[in-house]
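For reference, the structure is listed below as structure tokens.
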Amino acid sequence: MSKIQNIGVLTSGGDSPGMNAAIRAVVRGSLYYKLKVTGVLRGYDGLINADFISMDGKSVANIIQRGGTILKTARCDDFRSKEGRAKAYKNLVESNIDALVVIGGDGTFTGADVFSQEYDFPIIGLPGTIDNDLEGTDLTIGYDTAINTVVNAVDKIRDTAESHDRLFIVEVMGRDSGMIALRSGIGVGAEAILIPEAKTGMDDLVHRIEHGRKDKASKIIVVAEGDEAGGAYNVGEVLKEKFPHHDIRVSVLGHIQRGGSPS
43 MSKIQNIGVL
53 TSGGDSPGMN
63 AAIRAVVRGS
73 LYYKLKVTGV
83 LRGYDGLINA
93 DFISMDGKSV
103 ANIIQRGGTI
113 LKTARCDDFR
123 SKEGRAKAYK
133 NLVESNIDAL
143 VVIGGDGTFT
153 GADVFSQEYD
163 FPIIGLPGTI
173 DNDLEGTDLT
183 IGYDTAINTV
193 VNAVDKIRDT
203 AESHDRLFIV
213 EVMGRDSGMI
223 ALRSGIGVGA
233 EAILIPEAKT
243 GMDDLVHRIE
253 HGRKDKASKI
263 IVVAEGDEAG
273 GAYNVGEVLK
283 EKFPHHDIRV
293 SVLGHIQRGG
303 SPS
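Per this note's numbering, the very first residue in the sequence shown carries number 43; after that it's consecutive.
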């Protein structure tokens, strides 16, 4: 293959804090080596639709502290098909883009791997996902920020839980990974942590609540969204049946975990 002169950069899948910082690093690093940089808008969808923009130092000024992604992101079912990938390759060739840097999670990396092998196209992947579920790295871009967001939120929930002697079941993101629940649960001193990687024994959970500290009326249970118990609301229904006299509440933290200035 001829010498690389123009690098495309995209963000794909779910957004995560720190993606903008990663984009900035790619652009500034490329410009240092006298390479052109082309931004691809909305991930693989932008490849298929040739939604490209030229990037320079001004393009990434004052974005390092911002959450989200200036290149936008989307999930693209068309890229799963050979026809979609063929169209993407055609657009890359016609736009003289010689290599790609993709920032995203498991689905993004899977698509990049298939495309790279199919067309012998050079691609580098930067792990950008709050789930921290990718091999080859201890921390993915956005994971630490998500943990801080969860800990901050649960600390506030703990305040009101103690005021009302309530048991709160807090659901966090992570898809099929329990990494957010595990680390944040430890950080907030949760009474129980339910994750997909370990089978949830509801009898054991009930036992822990029954025989926990008698002087501690408030309790926090952190549940990963992918846990086989079925999420916070299902766990809440089970516990309400077992403990009808307990004041049990559910809080699903949701998409705040994807936002914020990266830590």
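Just so it is clear, CB atoms sit at the ideal spot from N, CA and C, and this is done for glycine as well.
Quick caveat: nothing in here was measured; it's all calculated off a predicted structure.
Between the Cα of residue i and the Cα atoms of the options, which residue gives the shortest distance?
i	options	result
L77	T242, G60, G99, E233	G99
Q107	S158, A130, R122, M61	M61
V51	S44, K45, G71, P59	G71
T111	F285, A271, G55	G55
R225	I199, L281, T191	T191
E239	E270, E252, R300	E270
T53	Y75, G278, V135, K114	K114
G231	R250, R200, M244, E252	R200
Suppose the cutoff is 8 Å on Cβ atoms and the five residues either side in sequence are ignored; what does the same chain contact list for residue i look like?
i	result
D93	V82, L83, R84, D87
D175	G147, D148, T182, G216, R217, D218, S219, M221
H206	S260, D289
P164	M43, I46, D140, A141, L142, S158
I189	I222, R225, S226, G229
Can you look up residue i in the DSSP assignment and give me helix, strand or coil?
i	result
M215	coil
N91	coil
L168	strand
T191	helix
T53	strand
S293	strand
A266	strand
K241	coil
K261	strand
L209	strand
N276	helix
A141	strand
L183	Residue identity check: residue 183 is Ile in the sequence provided, not Leu. I183 falls in the strand class under three-state DSSP.
L236	strand
N48	strand
G153	helix
G146	strand
A64	helix
Would you kindly check if the distance between the Cβ of residue j and the Cβ of residue i is under 8 Å?
i	j	result
I262	V143	no
R217	D173	yes
R314	I105	Any answer about residue 314 is impossible in this case: the structure gives the chain only from 43 up to 305.
Y131	Y161	yes
V294	E213	yes
S305	T187	yes
I237	A266	yes
I46	D197	no
I90	K129	yes
G109	G302	yes
V68	S101	no
Just to confirm my understanding: we take residue i, look at its own chain, exclude 5 residues before and 5 after, and list those with CB closer than 6 Å. What are they?
i	result
G227	I235, V264
R291	R208, F210
F151	G167
I251	none
Here's a check: name, in chain order, each residue in its chain whose Cβ is nearer than 7 Å to the Cβ of residue i, leaving out the five neighbours to either side.
i	result
A64	I145, L168, G170, I183
D246	none
V248	K284
N138	N48
Is the shortest distance between the beta-carbon of residue i and the beta-carbons of chain C less than 8 Å?
i	result
V68	No chain C is present in this structure, which holds just one protein chain.
Just to confirm the assignment: which complete alpha helix (DSSP H) runs, minimum length 4, are found wholly within the stretch 72-138?
85-90, 124-136
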